[in-house]
Amino acid sequence: MIRTYGLTKYYGVHPAIQGLSFEAAPREILGFLGPNGAGKTTTMRILAGFMPPTEGRAEVAGFDVVDQSLEVRRRVGYLPETVPLYPDLSVSEYLGYMGSLRRVGDLEARIEEVLEEVGLIERSESIIGNLSKGLRQRLGLAQALLHQPQVLILDEPTIGLDPAQIIEVRRLIQELGKERTVLLSTHILSEAQQLCDRVLIINKGLIVAEDTPANLQAQLAGAEQLIVRVVAPDGALTQLIARIPGVAKVSQEPGSGEIHVATSPGHDVRAQLARTIVEQGHDLLELRQAGVSLESVFLQLTQEGVPSGSRD
Amino acid sequence: MRNAWTIARREFRHYFVSPIAYAVAIFLFVVLGILFYISVSFLLTTGEIPPDGRIVMGNMVFLLIWTTPFLTMRLIAEEAGSGTMELLLTAPIRDWELVLGKWLGAFGFVGLLLAVSWVYPILLHRMTTPGIDQGVLLVAYFGVLLMMGAILAIGVLVSAFFRNSLAAGFATLAVILVLWVIGSLASGYGGVNEIVRYLSFSDHFFDNLYQGVVDLSDIVYYVSLTVLALFTASQVVESRRWR
Numbered sequence: 031m032i033r034t035y036g037l038t039k040y041y042g043v044h045p046a047i048q049g050l051s052f053e054a055a056p057r058e059i060l061g062f063l064g065p066n067g068a069g070k071t072t073t074m075r076i077l078a079g080f081m082p083p084t085e086g087r088a089e090v091a092g093f094d095v096v097d098q099s100l101e102v103r104r105r106v107g108y109l110p111e112t113v114p115l116y117p118d119l120s121v122s123e124y125l126g127y128m129g130s131l132r133r134v135g136d137l138e139a140r141i142e143e144v145l146e147e148v149g150l151i152e153r154s155e156s157i158i159g160n161l162s163k164g165l166r167q168r169l170g171l172a173q174a175l176l177h178q179p180q181v182l183i184l185d186e187p188t189i190g191l192d193p194a195q196i197i198e199v200r201r202l203i204q205e206l207g208k209e210r211t212v213l214l215s216t217h218i219l220s221e222a223q224q225l226c227d228r229v230l231i232i233n234k235g236l237i238v239a240e241d242t243p244a245n246l247q248a249q250l251a252g253a254e255q256l257i258v259r260v261v262a263p264d265g266a267l268t269q270l271i272a273r274i275p276g277v278a279k280v281s282q283e284p285g286s287g288e289i290h291v292a293t294s295p296g297h298d299v300r301a302q303l304a305r306t307i308v309e310q311g312h313d314l315l316e317l318r319q320a321g322v323s324l325e326s327v328f329l330q331l332t333q334e335g336v337p338s339g340s341r342d
Numbered sequence: 003m004r005n006a007w008t009i010a011r012r013e014f015r016h017y018f019v020s021p022i023a024y025a026v027a028i029f030l031f032v033v034l035g036i037l038f039y040i041s042v043s044f045l046l047t048t049g050e051i052p053p054d055g056r057i058v059m060g061n062m063v064f065l066l067i068w069t070t071p072f073l074t075m076r077l078i079a080e081e082a083g084s085g086t087m088e089l090l091l092t093a094p095i096r097d098w099e100l101v102l103g104k105w106l107g108a109f110g111f112v113g114l115l116l117a118v119s120w121v122y123p124i125l126l127h128r129m130t131t132p133g134i135d136q137g138v139l140l141v142a143y144f145g146v147l148l149m150m151g152a153i154l155a156i157g158v159l160v161s162a163f164f165r166n167s168l169a170a171g172f173a174t175l176a177v178i179l180v181l182w183v184i185g186s187l188a189s190g191y192g193g194v195n196e197i198v199r200y201l202s203f204s205d206h207f208f209d210n211l212y213q214g215v216v217d218l219s220d221i222v223y224y225v226s227l228t229v230l231a232l233f234t235a236s237q238v239v240e241s242r243r244w245r
């Protein structure tokens, strides 16, 4: 659905992105993760047909973003970082304007449908200038969805929302990702973890990592840490736990009843760990992952400066 | 073309919620009304009213010169400043359709103002026998429309360079005033003088169209100025993409 080849963009002499090559499959939610100024917005603008790259090529829905820009723009729904709205229009007037520019058939019915989808149906006659930040964000999303695009490009879709709204928008994005390709950018790691099928971490205009959120966590951060709390643990138990395949290291914290279990990368031993403990007649009080979060992977990758897995 | 029309309709309607547009309209018609009243009552004291329908037209053109920049200033600058440009440039519309639509919307609104200004000649027509000279009036109005088309196109062009509406407004005013007075720089005949005189915004109007004279060269002047300004504006919009 989206395919880029060595995408590069210079602002003057300063490179915003350098040689980005990646793909997004149909019905995939691809996350763009990176600190501010990493080149996320630049990449999305290029893919949405807002501006051409300095070098490299990109295809969206099978069309070249430069040579067949109009075709691309017909098939992409784009929500920029600053939600582009006209404060003097009402919600339905705004969508009516965008819909007629995009030649949406049976516009009135479609507007109603999309407002229902983003939960703005009661506010369809409200003037945009009077809407709260959260409602504006949803209207921006409605605008991006209006023409039923095959590809959705969302630049920081949850920024500035309150926690309840964030949950709602995320749920909506997940729903949307079932039928179309979604490319979203965020600097909130838990969001990427929760929403995305695959994550691209970019920093200073380069891709530094690319994988599923789970794999990124497991492979890049190495061993994972599990914390188990058992009533009256003994030495026999720790020895048994150490024999579970995938367990790298076991240590018992004296006094607290906590056992720390380090696992090898790519192994999930939680189920077997729980079974072993219970089968030994111990009462399992708690089992949790203290594992390295995507947070630390991210910080590690983006602070190194040099891309660890440069792809070109 | 349909996209240009959609944008034009949006811009035309926007004038009816825009305080600046109301201010311009009110200012225009209050001043014109006063001038009309003064001229008519003055003429009545001196005897017959001459059947000249252009009674306040010279003043109207002068007022429009000073006010139209504030009707066009926001057309593109505001979109650029508020980020909605990103919306329009990622919609499946061509840059020239955007520019043409913006211009058409403004042209429609100024056309409406001009239509309303017909009240003065109509009033005058009823006050005089056998009425006003309609031929001259029609040609003069045609001339005003042509001139306004060019002024508005320049306004769209200048607006495309800015992100701040007010800055665009004053810059437009400056450009138009220069074009307005440039003819007076021509002191003699031949060579540069002829070119400068040809560029003059006011001479093409007052020397011919205002007098009821339709000369192809004046029409070509205003139309080509309009087309050139709009074409350049769409180039400027496109160049935004490359920055």
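From first to last, the protein sequence lines stand for chains A and B.
Residue 342, in our numbering, is where the first sequence stops; the numbers in between run on with no holes.
Residue 245, in our numbering, is where the second sequence stops; the numbers in between run on with no holes.
Glycine residues also receive a C-beta, built at the ideal position from the N, C-alpha and C atoms.
Short of 8 Å in beta carbon distance, which residues of its chain neighbour residue i, apart from the five on each side in sequence? Order them along the chain.
i, result
"Leu-37/A", "Ile-47, Gly-49, Leu-50, Ser-51, Thr-73, Ile-76, Pro-83, Glu-85, Gly-86, Arg-87, Ala-88"
"Trp-182/B", "Ile-67, Ser-202, Phe-203, Ser-204"
"Arg-103/A", "Ala-78, Gly-79"
"Tyr-40/A", "Ala-46, Thr-84"
Quick one: residues in its chain with C-beta nearer than 7 Å to the C-beta of residue i, no 5 flanking neighbours on either side, listed in chain order?
i, result
"Gly-171/B", "Pro-71, Phe-72, Met-75"
"Val-160/B", "Ala-170, Ala-173, Thr-174, Val-177"
"Glu-81/B", "Met-87, Leu-90"
"Cys-226/A", "Ile-59, Leu-60, Gly-61, Pro-243"
Less than 8 Å between CB atoms is the rule here; does residue i satisfy it with respect to chain A?
i, result
"Glu-88/B", "yes"
"Gly-253/B", "Because chain B in this structure spans residues 3 to 245, residue 253/B falls outside the shown range and cannot be described."
"Thr-70/B", "no"
"Thr-74/B", "no"
"Val-101/B", "no"
Does residue i have its Cβ less than 8 Å from a Cβ in chain B?
i, result
"Met-81/A", "yes"
"Thr-112/A", "yes"
"Asp-118/A", "yes"
"Gly-335/A", "Low per-residue confidence applies at Gly-335/A: pLDDT is 46, beneath 50, and the placement is therefore not dependable, though the value from the model is reported in the following sentence. Chain B, which has no Cβ nearer than 8 Å to the Cβ of Gly-335/A, makes this no."
"Ser-338/A", "Note on Ser-338/A: pLDDT 40, under 50, position unreliable in the model; no value is reported."
"Ala-78/A", "yes"
"Leu-225/A", "no"
"His-44/A", "no"
"Lys-39/A", "no"
Give me the chain A residues within the contact set of residue i, using Cβ-Cβ distance strictly less than 8 Å, ordered along the chain.
i, result
"Ala-93/B", "Arg-103, Met-128, Leu-131, Arg-132"
"Arg-12/B", "Tyr-127"
If the cut is a Cβ gap below 7 Å, which residues of chain A does residue i touch?
i, result
"Val-19/B", "Asp-118"
"His-16/B", "Asp-118"
For residue i, which residues in chain B fall below 7 Å Cβ to Cβ?
i, result
"Tyr-108/A", "Thr-92"
"Leu-100/A", "Pro-94"
What does residue i touch in chain B if you count any residue whose Cβ is under 8 Å from its own?
i, result
"Ala-88/A", "Within 8 Å Cβ-Cβ: nothing; Ala-88/A doesn't reach chain B, min ~14 Å."
Kindly list the residues whose CB is nearer than 6 Å to the CB of residue i, restricted to its own chain and excluding five residues on each side of it in sequence; keep chain order.
i, result
"Glu-316/A", "Arg-259"
"Ala-23/B", "Tyr-17"
"Asp-118/A", "none"
"Ala-249/B", "As displayed, chain B neither begins before 3 nor continues past 245, which places residue 249/B out of reach and without an answer."
"Gly-67/A", "none"
"Arg-341/A", "Here Arg-341/A scores only 36 on pLDDT, less than 50, and its place in the model is too uncertain to base an answer on."
Run through chain A and tell me which residues come within less than 9 Å of residue i, C-beta to C-beta.
i, result
"Thr-8/B", "Tyr-127, Ser-130, Leu-131"
"Asn-5/B", "Ser-130, Leu-131, Arg-133"
Uninterrupted beta strand (DSSP E) stretches inside the segment 78-159 of chain A (no shorter than 3 residues): 85-90, 106-109
Members of the segment 145-169 of chain B that neighbour chain A once the beta carbon cut-off is set at 7 Å: none
Beta strand (DSSP E) runs wholly inside the segment 104-134 of chain B, at least 3 long, in chain order: none
Completely contained beta strand (DSSP E) runs for the segment 151-194 of chain B, where each covers 3 or more residues: none
Short-range partners of chain A found in the segment 232-244 of chain B, where Cβ spacing is below 9 Å: Arg-242, Arg-243, Trp-244
Every unbroken alpha helix (DSSP H) within the segment 222-281 of chain A, with a cutoff of 4 residues, ordered by chain: 265-272
Interfacial residues, the segment 205-221 of chain A to chain B, with Cβ spacing under 7 Å: none
Contact list for the segment 200-233 of chain B against chain A, Cβ threshold 8 Å: none
Uninterrupted alpha helix (DSSP H) stretches inside the segment 26-76 of chain B (no shorter than 4 residues): 59-69, 71-74
Entirely enclosed beta strand (DSSP E) segments - the segment 171-218 of chain A, minimum 3 residues: 181-185, 211-216
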